[in-house]
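Protein chains in written order, with the working numbering: chain A, 465 to 583; chain B, 1039 to 1150.
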């Protein structure tokens, strides 16, 4: 049972280009979360998706950033017209659906991240 | 904002117990406490979680105070490979919309 798979591991983009980051959740997991980590900082929540739905995008920058999790295929975090400040590690996590005894007690499983460098 | 506060850094001698404290004074009655760690630049790794009872697994023990306002993660015999940033997390949100908000964590350095 493969873990959360993120690709590419490293991505270099020139300013103004588009970056596409992919995340395949663990088998059986239908919840996906994206986090961004700037150098020497903690992880910042960006967006929470379930299949075909954005549940919470309160951490997403208002412009240039979008995320999707289609019925088939991986979740995609898309950054348009990248700038140097977008350089960071982007982590994806997944969790299974559902509630047990009224509480969601499952932890997240994180991927190894995509390191985006904008030059 | 994160609902937890942790000391920014700690040192521990190899082979000794590492006790990492966390304050979560605004925790609600049905909110769990989770601990993760991040070794170098890898993805965070789940360690343990608990609600009100103390918990133990093969990695660590979690001691939660009776009033649930604080907890301590215990690594019983720290090794050099336990050097990492340790995050104490209380989920925020409502059923069906929970998410983790990470704080700044504690940078644990295990010394030879």
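Ideal Cβ positions, reconstructed from N, Cα and C, are used throughout, including at glycine.
Practice problem: Note the first and the last residue of the continuous beta strand (DSSP E) segment covering residue 1059(B). | Solution: The count along the second chain starts at 1 and reaches residue 1059(B) at position 21. Per DSSP, the unbroken beta strand (DSSP E) holding residue 1059(B) starts and ends at 1056-1061.
Quiz item: Can you list the beta strand (DSSP E) stretches of 3 or more residues lying completely in the stretch 539-566 of chain A, in chain order?
Solution: 539-543 and 552-559
Quiz item: Taking the alpha carbon of residue 1122(B) as the point to measure from, which residue in 1099(B), 1079(B) and 1090(B) has its own alpha carbon closest?
Solution: On the second chain, position 84 is the one that residue 1122(B) refers to. In terms of Cα proximity to residue 1122(B), the closest of 1099(B), 1079(B) and 1090(B) is 1079(B).
Quiz prompt | Residues that residue 492(A) contacts on chain B, provided the C-beta gap is smaller than 9 Å | solution = Residue numbering aside, residue 492(A) sits at position 28 when the first chain is read from its first letter. Under the 9 Å cutoff, chain B gives no residues; its nearest Cβ is about 16 Å from residue 492(A).
Quiz prompt | Within 9 Å, strictly: CB atoms of residue 507(A) and residue 496(A) | solution = Position 43 of the first chain, counting from 1, holds the residue named residue 507(A). Position 32 of the first chain, counting from 1, holds the residue named residue 496(A). Result no, Cβ atoms of residue 507(A) and residue 496(A) do not sit closer than 9 Å.
Practice problem: Taking 9 Å as the cut-off, decide whether the C-beta atoms of residue 419(A) and residue 550(A) are in contact. | Solution: The displayed coordinates of chain A run from 465 to 583. Any statement about residue 419(A) would go beyond what the structure contains.
Quiz item: So which residues of chain A does residue 1137(B) contact, with C-beta pairs closer than 8 Å?
Solution: Position 99 of the second chain, counted from the first residue, corresponds to residue 1137(B). Residues of chain A passing the Cβ test: 497, 509, 512 and 520.
Quiz item: Which residues, in chain order, does the stretch 539-562 of chain A contribute to contact with chain B at a C-beta distance below 7 Å?
Solution: 553 and 555
Quiz item: From the beta carbon of residue 1087(B), is the nearest beta carbon of chain A less than 9 Å away?
Solution: On the second chain, residue 1087(B) is found 49 positions in, with the first residue counted as 1. Closer than 9 Å to some Cβ of chain A, the Cβ of residue 1087(B) qualifies, so yes.
Exercise. Figure out for me which residue from 1130(B), 1096(B), 1125(B) and 1138(B) has the closest Cα to the Cα of residue 1145(B).
Key: As a working mapping, residue 1145(B) is identified with position 107 in the second chain. If we check each option's Cα against that of residue 1145(B), 1125(B) comes out closest.
Quiz item: Is the distance from the Cβ of residue 577(A) to the Cβ of residue 556(A) below 9 Å?
Solution: Translated into the one-based positions of the first chain, residue 577(A) becomes position 113. Translated into the one-based positions of the first chain, residue 556(A) becomes position 92. In contact: residue 577(A) and residue 556(A) (Cβ atoms closer than 9 Å).
Quiz prompt | Of the residues 1047(B), 1081(B), 1092(B) and 1067(B), the one placed nearest residue 469(A), counting alpha carbons only | solution = Along the first chain, read from residue 1 onward, the residue named residue 469(A) stands at position 5. Closest by C-alpha distance to residue 469(A), out of 1047(B), 1081(B), 1092(B) and 1067(B), is 1081(B).
Quiz item: Is there a Cβ from chain A that is less than 9 Å from the Cβ of residue 1143(B)?
Solution: Locating residue 1143(B) in the second chain gives position 105, where the first residue counts as 1. Chain A, which has a Cβ nearer than 9 Å to the Cβ of residue 1143(B), makes this yes.
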